[in-house]
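**Student:** Take any residue in the sequence shown, note its place counting from 1, add 100, and you have its number in this note's numbering.
Ideal placement from N, C-alpha and C gives every residue a C-beta, glycine not left out.
These figures come from a predicted structure and were not determined experimentally.
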Amino acid sequence: MNARKDFDRTGMPSEAPQDEPARQQYFIEKCRQYTKRFFEKKGRVPTAFIQTFGCQMNAHDSERLMGVLLAAGFARGDGEDSDFVLYNTCTVRENANQRVYGRLGHLNSLKKKNPDMLIALCGCMMQEPHVVERLRKSYRHVDIIFGTHNIYKLAELLYRRMEERSMVIDVWENTGEIVEALPGDRKFPFKSGVNIMFGCNNFCSYCIVPYVRGRERSRAPDDIVREIRELVKDGVVEVMLLGQNVNSYGKTLTPPVSFAELLKRVEGIEGLKRIRFMTPHPKDLSDELIEVMSRSDTICRHMHLPLQSGSSRILKKMNRNYTKEQYLALTEKLRRAIPDISLTTDIIVGFPGETEEDFEETLDVVRKARFDSAFTFIYSRRTGTAAAAMDGQVPDDVVKRRFDRLLKEVQEISAGVCGRDVHTVRKVLAEERDSHLDGWLTGRLSNNTIVHFAGGQELIGTIVDVYLEESRGFYYMGSLRENKMEVTDHEKAL
Ligand code: SAH
Ligand code: SF4
Ligand code: F3S
């Protein structure tokens with residue numbers, strides 16, 4: 101997005117401004133002086149590499165972080181042998197943490213070969229005091245540690261590290277601040293995530309996200325619409341609106357704005373072809389939202405609606421605020437209003453106290469709701485959450501057997517459901533070159549299913565008509581129907 105502030109014309113202020121984003125623009129400029137010196141010394145531009153763990157929020161944060169690094173004069177590196185390596189971490193399950201510790205050992209050996217290398221860690225894991233303590237003590241080769249609330253300060257922290265030459269740690273417990281208008285960098289030129297809110301107030305009893313992402317804060321609709329307009333001007337045709345529970349968007353704004361109202365405003369943006377969102381919560385998915393979706397040409401025919409468990413008893417212990425019956429009624433209502441919608445979900449197996457009967461209830465919902473796909477997770481005990489202190493932790497071998505049964509059920513259903521559009525012509529957003537077949541492209545249907553088809557690179561970023569020749573379970577093999585087609589506003593983007 102927007103480039104550096106033009107200090108050449110205005111002159112660099114002698115002290116860092118207090119206001120944001122001016123303060124960060126000042127530090128980006130300061131970091132440019134460092135990258136310039138690096139170039140003069142070594143005859144090459146320093147490279148930066150970000151490894152993202154976790155969800156779409158983190159992926160989007162990483163794009164913002166890379167935007168700052170590029171503005172600061174780094175070039176994009178393609179691996180951990182880069183001069184600046186940043187891990188944007190996730191802590192939703194314990195195995196995500198273990199992966200980070202494992203890779204940090206490897207970074208230590210790389211740093212020995214390249215002493216100018218800088219290593220930084222940010223994201224959800226850094227919001228946990230015991231993690232920072234362990235890093236401070238046993239991972240002295242880490243240069244910068246920051247959390248989820250101050251990612252916009254990367255340039256300032258990097259500059260501080262260069263000045264102080266010792267480990268810089270800056271983790272905030274919470275924030276009310278939302279800093280707009282810093283540079284961003286997109287992985288795909290034609291699609292982008294857009295934060296509509298931060299944090300979560302739901303406190304599902306197993307989940308650490310509310311502790312590491314803080315309280316819910318919504319961005320003003322005008323700021324969101326302005327950002328998307330800029331993105332469209334810059335070639336974006338698809339946006340993914342991001343929040344931990346998008347249905348509670350706007351409740352704390354004055355005046356309040358519902359998520360459905362926000363969607364209507366975003367729909368009105370000329371040139372935008374597809375709108376996705378992630379994640380809605382079943383407990384407050386409104387009729388207004390279903391109505392707006394059903395009438396829309398641009399809102400995609402896909403809803404990721406996390407179930408977590410099919411047992412009303414377990415759902416209560418999870419603090420999810422809906423029952424099995426309410427969830428099933430919701431899926432039926434969605435299918436009635438939007439017959440071609442694809443439903444996907446998240447399910448946790450082995451929550452404390454889960455019995456065989458509870459698990460059977462989950463299988464029952466899976467059979468009735470017929471999800472296009474489901475992410476299945478083994479319950480992971482997270483320190484500090486309510487569930488961590490609950491009785492009846494389920495033995496590992498029992499959980500593993502249930503997990504395998506669930507996976508089998510999910511996959512069998514999904515293979516049947518996903519192929520339902522075979523032998524029809526559908527609109528596909530061509531996204532990238534096929535990694536397996538030369539001269540082929542990979543794209544997505546409105547309902548998020550992947551399609552492979554023969555086509556030239558010039559089609560990437562455009563919506564084309566593709567005949568779905570064959571279903572291969574989770575994806576289609578197709579063929580291009582016509583040359584590049586512009587989708588007009590009144591055409592249904594199916
Ligand atoms: N805000 C979203 C997703 C949050 S995390 C929502 O409410 O659905 C993504 C998924 O990770 C969750 O849907 C849940 O299925 C899973 N998850 C969260 N905490 C977990 C834990 N402690 N153990 C296992 N899976 C977990
Ligand atoms: Fe976690 Fe629940 Fe919030 Fe999702 S809604 S982030 S599962 S607490
Ligand atoms: Fe992980 Fe943080 Fe997302 S804990 S799932 S990266 S909000």
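If we count Cβ pairs, one from each stretch, closer than 8 Å, do we get three or more for the stretch 129-141 versus the stretch 235-253?
**Tutor:** The stretch 129-141, when compared against the stretch 235-253, does not touch it at the 8 Å Cβ threshold.
**Student:** Under 6 Å Cβ to Cβ from E570, same chain only, skipping five residues before and after it: list those, please.
**Tutor:** Here the set comprises M577.
**Student:** According to DSSP, simplified to helix, strand and coil, what is N195?
**Tutor:** N195 falls in the helix class under three-state DSSP.
**Student:** Using the Cα positions of N197 and V525, report the straight-line distance between them to the nearest angstrom.
**Tutor:** Those two C-alpha atoms are separated by around 44 Å.
**Student:** Keeping to the same chain, check which residues put their C-beta closer than 7 Å to that of G143; ignore five residues upstream and five downstream.
**Tutor:** If we look at G143 and ignore the five residues flanking it on each side, it has no Cβ neighbours.
**Student:** What separation, rounded to the nearest whole angstrom, lies between the Cα atoms of K417 and K211?
**Tutor:** Approximately 46 Å, taken between the alpha carbons.
**Student:** Alpha carbon to alpha carbon, how far is P229 from I219? Give it in angstroms, no decimals.
**Tutor:** The alpha-carbon atoms of I219 and P229 are separated by roughly 19 Å.
**Student:** As a quick exercise: from N302, Y311, R261 and G284, pick the residue whose alpha carbon is nearest that of T275.
**Tutor:** Checking every option, the nearest Cα to that of T275 belongs to Y311.
**Student:** Taking the alpha carbon of M490 as the point to measure from, which residue in F451, D472, P117 and V522 has its own alpha carbon closest?
**Tutor:** Of F451, D472, P117 and V522, the residue nearest in Cα terms is F451.
**Student:** Within 10 angstroms of the Cβ of S238, are there 16 or more other Cβ atoms? Answer buried if so, exposed if not.
**Tutor:** That one is exposed.
**Student:** Let's see if you can read the secondary structure: which residues bound the beta strand (DSSP E) around R376?
**Tutor:** R374 to M378 is the extent of the beta strand (DSSP E) around R376.
**Student:** Please determine, among F174, H160, L221 and L257, the residue with the shortest C-alpha to C-alpha distance to Q124.
**Tutor:** Q124 has its Cα closest to that of L257, out of F174, H160, L221 and L257.
**Student:** Thinking C-alpha only, which one of I441, K383, K433 and H536 is nearest H402?
**Tutor:** Here the closest residue by C-alpha is I441.
**Student:** Would you check whether the ligand F3S has a heavy atom nearer than 6 Å to the C-beta of M157?
**Tutor:** Flag set: Cβ of M157 near the ligand F3S.
**Student:** Report yes if the CB atom of D183 is closer than 7 Å to the CB atom of T147, and no otherwise.
**Tutor:** Result yes, Cβ atoms of D183 and T147 sit closer than 7 Å.
**Student:** Does the stretch 358-368 come close enough to the stretch 391-409 that 3 or more CB-CB pairs lie under 8 Å?
**Tutor:** Verdict: yes, contact present.
**Student:** State the Cα-Cα distance for the pair R319 and M157, rounded to the nearest angstrom.
**Tutor:** Their Cα atoms are separated by approximately 14 Å.
**Student:** For F459, which three-state DSSP category applies?
**Tutor:** Here F459 sits in helix by DSSP.
**Student:** Grab the span of the beta strand (DSSP E) containing A429 for me, first residue to last.
**Tutor:** Per DSSP, A429 belongs to no beta strand (DSSP E); it is in the alpha helix (DSSP H), K424 to A437.
**Student:** What residue range is occupied by the uninterrupted alpha helix (DSSP H) comprising F139?
**Tutor:** Residues A122 to K142.
**Student:** Nearest to L372 by CA position, among L507, E330 and Y126, is which residue?
**Tutor:** Comparing Cα positions, the closest option is E330.
**Student:** Taking only three categories from DSSP, how would you classify I399?
**Tutor:** Of the three classes helix, strand and coil, the one that applies to I399 here is strand, per DSSP.
**Student:** Could you work out which residue in A486, E456 and S386 is closest to R501 when comparing CA atoms only?
**Tutor:** If we check each option's Cα against that of R501, E456 comes out closest.
**Student:** So S386 is in the beta strand (DSSP E); what residue range does that whole segment cover?
**Tutor:** That residue, S386, is in no beta strand (DSSP E); it is neither H nor E in DSSP.
**Student:** If you compare alpha carbons, which of V494, D504, Q426 and I448 is closest to F468?
**Tutor:** The identity of residue 468 in the sequence shown is Lys, whereas the question assumes Phe. Ranking V494, D504, Q426 and I448 by Cα distance to K468 puts Q426 first.
**Student:** Per DSSP, what kind of secondary structure is A209 in: helix, strand or coil?
**Tutor:** One point to set straight first is that residue 209 is Ser, not Ala, in the sequence displayed. Here S209 sits in helix by DSSP.
**Student:** Within its chain, find whatever has a CB closer than 8 Å to the CB of S514; leave out the 5 residues flanking it on each side and keep chain order.
**Tutor:** F471, D472, S473, A474, G573 and F574.
**Student:** Using a beta-carbon distance below 7 Å, is K417 in contact with chain C?
**Tutor:** No chain C appears in this structure, which consists of one protein chain only.
**Student:** Collect the residues with a C-beta less than 6 Å away from any heavy atom of the ligand SF4 and give them in sequence order along the chain.
**Tutor:** Going along the chain, the residues that qualify are C300, N302, F303, C304, C307, V309, P310, Q344, N345 and H381.
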